[in-house]
Amino acid sequence: LLFLSETGGKDRRSGLILTIPLCLEQTSMDELSVTLDYLLSIPSEKCKARGFTVIVDGRKSQWNVVKTVVLMLQNVVPAEVSLVCVVKPDEFWDKKVTHFCFWKEKDRLGFEVILVSANKLTRYIEPCQLTEDFGGTLTYDHMDWLNKRLVFEKFTKESTSLLDELALINNGSDKGTQQERERSIDLNFLPSVDPETVLQTGHELLSELQQRRFNGSDGGVSWSPMDDELLAQPQVMKLLDSLREQYTRYQEVCRQRSKRTQLEEIQQKVMQVVNWLEGPGSEQLRTQWGIGDSIRASQALQQKHEEIESQHSEWFAVYVELNQQIAALLNAGDEEDLVELKALQQQLSDVCYRQASQLEFRQNLLQAALEFHSVAQDLSQQLDGLLGMLCVDVAPADGASIQQTLKLLEEKLKSVDLGLQGLREKGQSLLDQISNQASWAYGKDVTIENKENVDHIQGVMEDMQLRKQRCEDMVDVRRLKMLQMVQLFKCEEDAAQAVEWLSELLDALLKTHIRLGDDAQETRVLLEKHRKFVDVAQSTYDYGRQLLQATVVLCQSLRCTSRSSGDTLPRLNRVWKQFTVTSEERVHRLETAVAFHSTAEKILQECPDQPEAFNEMDQFDEIEAVGKSLLDRLTVPVVYPDGSEQYFGSPSDMASAAEHIREKMKLVSLKKQQLRQPEATTPES
1 LLFLSETGGK DRRSGLILTI PLCLEQTSMD ELSVTLDYLL SIPSEKCKAR
51 GFTVIVDGRK SQWNVVKTVV LMLQNVVPAE VSLVCVVKPD EFWDKKVTHF
101 CFWKEKDRLG FEVILVSANK LTRYIEPCQL TEDFGGTLTY DHMDWLNKRL
151 VFEKFTKEST SLLDELALIN NGSDKGTQQE RERSIDLNFL PSVDPETVLQ
201 TGHELLSELQ QRRFNGSDGG VSWSPMDDEL LAQPQVMKLL DSLREQYTRY
251 QEVCRQRSKR TQLEEIQQKV MQVVNWLEGP GSEQLRTQWG IGDSIRASQA
301 LQQKHEEIES QHSEWFAVYV ELNQQIAALL NAGDEEDLVE LKALQQQLSD
351 VCYRQASQLE FRQNLLQAAL EFHSVAQDLS QQLDGLLGML CVDVAPADGA
401 SIQQTLKLLE EKLKSVDLGL QGLREKGQSL LDQISNQASW AYGKDVTIEN
451 KENVDHIQGV MEDMQLRKQR CEDMVDVRRL KMLQMVQLFK CEEDAAQAVE
501 WLSELLDALL KTHIRLGDDA QETRVLLEKH RKFVDVAQST YDYGRQLLQA
551 TVVLCQSLRC TSRSSGDTLP RLNRVWKQFT VTSEERVHRL ETAVAFHSTA
601 EKILQECPDQ PEAFNEMDQF DEIEAVGKSL LDRLTVPVVY PDGSEQYFGS
651 PSDMASAAEH IREKMKLVSL KKQQLRQPEA TTPES
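Put into C-alpha cells, the structure is as follows:
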C-alpha cells in the first residue's frame, strides 16, 4: 500500500490511471480503503468526471486478494472507475474460476474488469502513460511524489489552520466596539504557527512545482501533464494568496495592537505623572506656605523646596520622554488616534506646566522673602549702630571733630532712610506675591497662612519704622546739641581771637603810637586818630564780652563746663585794663603835647615890638613847666594794675620825641630872651 498512487498517466479517455500494487503479505482492506479515499480526493472534479482506469497489479498476490480489492472498488469509487485492469502473474490462477467470477459480477460492479498480462497492457493504455513496471516509458518516482505530497499536505494543513486563526483574529479586530476588539485580540492574538515560516514553506513548494513544470527536476524527471492537478499548484497559489492577504491584515492588526499597547502604556505613564503631580506633588506644595521669620528660616524653607523640586524633576523627566513619544506617534499616527493623543499631550502639558509654575512661584516667593529678611537684618544692624552712636556721650576736642561726627551721623541716618525705603519696596513686592497665592491653592483656604505671612511682613516694616523714628528723634536732639557745641567752640574761639586782637591793639599802641606831633595841628590829628583807635579796641572788647556771655548760656544749655571760657574772661579784662591805662596815658601825653605846641606856637608867632608881650612873661614859665612835665612823662613807663610796667616805643623813639620838644623849648627860651632885652635897655635910657 505504500506505493498505491496516481502516477500521473492517462488512459485513452484522458482519465487518470490509478495503480494498486499488491504484495504477498496480508493486505489490510481498511488501510487500502483509506488510501483510496485519500488518492481519489486529490484530483479535481473535472478530472474525476473523466473517470479512472485502475491497474491492479496482482502479479505478487493471490486471486482472492485481487478479487476482494476489485469488489472494494465498487464500494469506494464505483462512479469514478471506468476500467479495472488486473495484471495477472505468469502462472495464472484457475482460468475458469477467475473468468466466471468477473463475468458474473460485471453488471453489479458497474465497471469493466479485464485480466491482462503486463506485456499486453499497452492494448488498453498508451506506453507513454505507463511506468516501466508495466513496460511503459512514463518516468515516475513514487518517493519523490510522496515527499512532495507530504510537504503539500503539511502546508495545506498549517496554512488552513493559520488562515482560520488569522481570520478569527482579523475579524475580531473589525468588531464594532473597542472593548470587543480588545477582548477578541486578547483571546486569539498569537497564531499557533509562525506565519512567516508557513509562507516560506509555501513559496518553496510553489517554486519547486514551477521549476518541475518549466525546467524539469534534478535527475532528469520531466514534468507530466497531471502534476498541476496531483500536486495542486493552484491550491498552493490560492493558499499563499489568502495567507498573504490575511497575514497582511494580521500584521496591520499587530501594528494596531502594538500601537494600542504603546498608547495604553503612554496613557498609563501619563496618568502616573498626572496622579503624582496632582496628588503627592500638589500636597507637598499645599503644606509649604510659610516664608520664615528670619534669613535662616527662609534658607531652611528654600532647602526644603529644593528637595521638593528634586522629586518633581524626576517626574518632569518622564514628562519630557512621554512628550517625545507622543510627538512621534502624532507624526506617524492615524486619524483616529490623533484626538486621543492630543488630549493626552494637552492633559500632561497642562498639569506639568501648572505644577512647574507653582514650583517657580514658590521659589520666587521664598527668594523674595529671603531678600526681604536680608534687607531687614541689614537695616536692623544699621539702626543698632546708629543707636549705639547716639547712646555714647559726645566729647569732641574741637568744632571740626564735631562737624565730622555730625556728618557721619547724617550719613548713617540717610543710609537708614534708604534701607527702610528698600525694605518697604521688598515688603510690598512680597505682599503682592502672597496675594497671588490663592490663584493656585486648589480650593484650599489660604487666608490663615497668608494672614500670618502678611502680619509678619507688616509687623517687621512697622517695627523698623518705629525704630527709625526713635533714632530720628534722638538724631534731632543730638544734632541740636552738637550744633550748640559747635557754636560754643566757635564762641570760645572767637572770644580768644578777640583777646588776641585786643592784645595786638595794645601792642600796636605801645610800639607804634609814640609820636607826639611836630605842631599843635598834627598833635590834634594824632589825638583824633587815637580816639578812633580806642573805639576799635572798645568794639573788640565788647565783642569778646558778648561771645563769653554766649558761651555761658550755651554751657548752661549743654550742662557742661567750658574748657576755655573760664580763663578767657580774665585775660580779656586784664588786656582791656592794660589797654585802658595805656590809652589814658597816650591821651594825657597827646593833650599835654597839644597844650605845649599851642602855647609855644603862640609865643613864637608874636612880634617882639608888641607892648602886650611884656605882660605875658608868665606864659614862658608855664610852657617851660609843661615842656618839662612832658619830657618827664616820656621817661616814665606805663604802670598796669598788676604792677607791671611797659614803655612806649623804644628808648631811641622816646629820645627822638624828647629832642623835638627840647628844640621847641629852646626856641621858646630864645624868644623869651629877645623879649627881655628891650625891657632891660629902657631903664638905662
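Mapping the sequence shown onto UniProt numbering, position 442 (from 1) lands on 442, and the numbers just tick up by one.
Note that beta-carbon positions come from the ideal geometry of N, C-alpha and C, so glycine has one too.
- The bridge partners DSSP lists for Phe-52 are Leu-16 and Val-81.
- For the 8 Å CB-CB criterion, Leu-205 and Val-236 form a contact.
- With a cutoff of 8 Å on beta-carbon distance, Val-81 and Leu-73 are scored as near each other.
- Between the alpha carbons of Gly-51 and Val-84 lies a gap of roughly 11 Å.
- The criterion of a C-beta distance shorter than 8 Å is satisfied by Val-626 and Phe-596.
- The beta-bridge partner set that DSSP reports for Val-113 consists of Val-84.
- The bridge partners DSSP lists for Thr-131 are Leu-138.
- Under the Cβ criterion (8 Å, minimum of three pairs), the segment 300 to 316 does not count as touching the segment 248 to 264.
- Cβ atoms of Val-581 and Arg-524 stay farther apart than 8 Å, at about 23 Å.
- Pro-234 sits in a helix when the DSSP states are folded into three classes.
- Under the three-state reduction of DSSP output, Val-66 falls in the helix class.
- Rounded to whole angstroms, the gap between the alpha carbons of Lys-490 and Leu-572 is 17 Å.
- Glu-645 is bridged by DSSP to Val-639.
- Counted as a single uninterrupted DSSP element, the alpha helix (DSSP H) harbouring Val-318 occupies residues 295 to 332.
- Less than 8 Å divides the Cβ of Ala-498 from the Cβ of Gly-544.
- Within the DSSP secondary-structure output, Pro-21 pairs in a beta bridge with Asp-57.
- Assigned with DSSP and collapsed to three states, Asp-393 falls in coil, not helix or strand.
- Pro-651 sits in a helix when the DSSP states are folded into three classes.
- Scanning the segment 335 to 394 from its first residue to its last, no whole beta strand (DSSP E) run of 3-plus residues comes out.
- Leaving aside the five residues that flank Asn-364 on each side, the residues in its chain whose CB is nearer than 8 Å to its CB run, in chain order, Gln-433.
- With at least 16 other beta carbons inside 10 angstroms of its own, Arg-467 counts as buried.
- Under the criterion of beta carbons closer than 8 Å, Ala-376 and Leu-413 do not qualify as touching, at roughly 18 Å.
- Taking the C-beta atoms as reference points, Cys-128 is found nearer than 8 Å to Gly-136.
- Distance check between Gln-646 and each of Asp-621, Leu-506, Val-552 and Val-553 places Leu-506 closest, using alpha-carbon atoms only.
- Taking the CA atoms as reference points, Gln-421 sits about 10 Å from Ser-415.
- By alpha-carbon distance to Gln-200, the top candidate from Leu-548, Val-151, Pro-234 and Leu-168 is Val-151.
- Between the C-alpha atoms of Val-198 and Glu-132 there is a straight-line separation of about 36 Å.
- Contact between His-373 and Gly-292 holds: CB atoms are separated by about 7 Å, below the 8 Å threshold.
- Pairing Met-29 with Leu-39, the inter-Cα distance amounts to about 15 Å.
- Three or more Cβ pairs closer than 8 Å define a contact, and the segment 339 to 347 falls short of that threshold against the segment 381 to 391.
- Here Pro-191 carries a coil assignment [DSSP, helix/strand/coil].
- Annotation: the continuous alpha helix (DSSP H) that includes Gln-538 extends over 520 to 558.
- For Thr-512, there is no enclosing alpha helix (DSSP H), as DSSP marks it with neither H nor E.
- Residue burial is scored here from C-beta neighbours: Thr-248 has fewer than 16 other C-beta atoms within 10 angstroms and is therefore classed as exposed.
- Thr-35: member of the alpha helix (DSSP H) spanning 29 to 40, first to last residue.
- A Cβ-Cβ distance of about 5 Å is found for the pair Gly-58 and Leu-22, placing them in contact under the 8 Å criterion.
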